[in-house]
């Protein structure tokens, strides 16, 4: 595909990195010449230095032949105007815009559409990160929780601990031990190396295990891999920005929520907006304030300011003072792997959380959901199978007979709202939602071709 990306920040750069490795023609526009040079040195992409919404700049980027425009600059207004220009002058088929301002999103139905602002897909990083954190709070002990088929099935990552019934045993033991729960271990990461599990694969302590199951069975399966954590109750949020405020708003009716914010005017705004949240004026790195607010009784400490270093330091202090679980927002990808799993329990990368929403609209075939896993090292995908045995490479075939690319597994099939965990003898039918897990992203084009209906078949 011929794709123009506007904005070379963390999201735009991460997206370019993902797409350039998949044989797409990528042009990225930004006003930061140094950032563009850094990306051009690493990636096989074209870069242009200039204003993103300028018609002449878009023309220079090849907008007349572009298949897609993705506007992810730091300005909502620039992103919207760029989509308008792309539609009116260049007739680019698909236009995606990152919109951060809550007021724009609140009025999305009247603001955006073919008869208004011509944005085909809205992406809100703050909304995506908030939902990501909320799911992990709802599933204590999970490293990642991903929804498929509107939440009917979930892919969950957990770290296996000593004491878990399945730790030290073969995966096949899971079915014997839990005959009434159907699940599939989709992949294991052991010392950062991926393993495609077989029935005789033994799960070891400290393995990062990705499993898929119906939503109702998630906690039961988690209890096989680690001692099941008690549900969280007390949440302390550091940072009252867009993400912190959204998270407090989404949690305050079900949890005891406190939020710490340095800016007094922002505290006053938060106090007016939030109904059941205690708003505290101060610094999250103030040891006395944390002690005063009973940090040792806090179930989850979430550091969500815009400053990576402040988030890391506040998280380390909170953990040392007794916080049970620490989640930390980190924008710099280089920091994420350095800190997760040590003092910080979960490092949250906004760009990796957002990237799946974008990739969903870029994948070929009828793909309805994409999730980036392990900071982009792997990918989970929900694709709809169409056709019959003659026109499709998957429909009418048992899973064991589908020629899946190396490093790819089918985890589950959603059929008429029913979750079918993938077993070798299950036959794929027309309109099935197929959940796939890929540990080698170079195989994504091969997977896409599997779900494209055509005349070439096995």
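Numbering (our numbering), first residue to last: 7 to 464. Yeah, the Cβ is synthetic: ideal placement off N, Cα and C, and Gly gets one too.
- Leaving aside the five residues that flank residue 54 on each side, the residues in its chain whose CB is nearer than 7 Å to its CB run, in chain order, 33, 35, 63, 66 and 67.
- Here DSSP, grouped into helix, strand and coil, assigns residue 377 to strand.
- For residue 183, the enclosing alpha helix (DSSP H) has its first and last residue at 179-183.
- CA-CA distance, residue 124 to residue 138, rounds to 28 Å.
- Residue state for residue 19 is assigned as helix, using DSSP reduced to three classes.
- DSSP, reduced to helix, strand and coil, places residue 150 within a strand of the structure shown.
- Within a 10 Å sphere around the beta-carbon of residue 214 sit 16 or more other beta-carbons, which makes this residue buried.
- In chain order, 246, 251, 254, 265, 267, 283 and 285 place their CB closer than 8 Å to the CB of residue 276, counting only its own chain and leaving out the 5 sequence neighbours on each side.
- About 6 Å separates the beta carbon of residue 172 from that of residue 231, a gap short enough to meet the 8 Å contact definition.
- Here residue 417 is not near residue 445, since their CB atoms are 8 Å or more apart.
- At a Cβ-Cβ threshold of 8 Å, residue 331 and residue 314 do not count as neighbours.
- Annotation note: the stretch 261-319 contains the following uninterrupted alpha helix (DSSP H) runs of length 4 or greater, listed N- to C-terminal: 270-279 and 293-298.
- The beta carbons of residue 257 and residue 140 sit about 7 Å from each other, so the pair counts as a contact at 8 Å.
- DSSP places residue 230 inside the alpha helix (DSSP H), whose first and last residues are 224-231.
- Here DSSP, grouped into helix, strand and coil, assigns residue 358 to helix.
- Under DSSP, residue 195 takes part in a beta bridge, and its partners are 200 and 214.
- Here DSSP, grouped into helix, strand and coil, assigns residue 250 to helix.
- A direct Cα-to-Cα measurement between residue 396 and residue 458 gives close to 12 Å.
- Contact between residue 304 and residue 320 is ruled out by a C-beta separation of about 12 Å, above the 8 Å threshold.
- Of 336, 312, 292 and 161, the smallest CA-CA separation from residue 326 is found for 292.
- Of the other Cβ atoms in all chains shown, 16 or more fall within 10 Å of the Cβ of residue 357; this residue is therefore buried.
- When rounded, the separation of the alpha-carbon atoms in residue 433 and residue 131 is 37 Å.
- Per DSSP, the continuous alpha helix (DSSP H) segment holding residue 109 begins and ends at 108-112.
- When secondary structure is reduced to three states using DSSP, residue 323 falls in the helix class.
- Contact annotation, residue 436 with residue 392: C-beta distance approximately 6 Å; criterion of less than 8 Å satisfied.
- The beta carbons of residue 238 and residue 211 sit no closer together than 8 Å.
- Under the DSSP assignment, residue 93 falls outside any beta strand (DSSP E), being part of the alpha helix (DSSP H) whose first and last residues are 82-94.
- Selection 196, 227 and 208 evaluated against residue 190 yields 227 as nearest (Cα-Cα).
- Residue 8 is not a Cβ neighbour of residue 50, given a cutoff of 8 Å.
- In the displayed model, residue 105 falls within coil according to three-state DSSP, outside both helix and strand.
- Residue 32 sits in a strand when the DSSP states are folded into three classes.
- The beta carbon of residue 403 lies closer than 8 Å to those of 395, 433 and 434 in the same chain, with the five residues before and after it left out.
- The three-state reading of DSSP puts residue 454 in helix, counting H, G and I together.
- The distance from the Cβ of residue 58 to that of residue 13 is about 7 Å, consistent with a contact at the 8 Å cut-off.
- Annotation for residue 400: 391, 408, 434, 440, 456 and 457 place their beta carbon closer than 8 Å to its own, counting only its chain and skipping 5 residues before and after.
- Membership of residue 447 in any alpha helix (DSSP H) is not indicated, and neither H nor E is assigned to it by DSSP.
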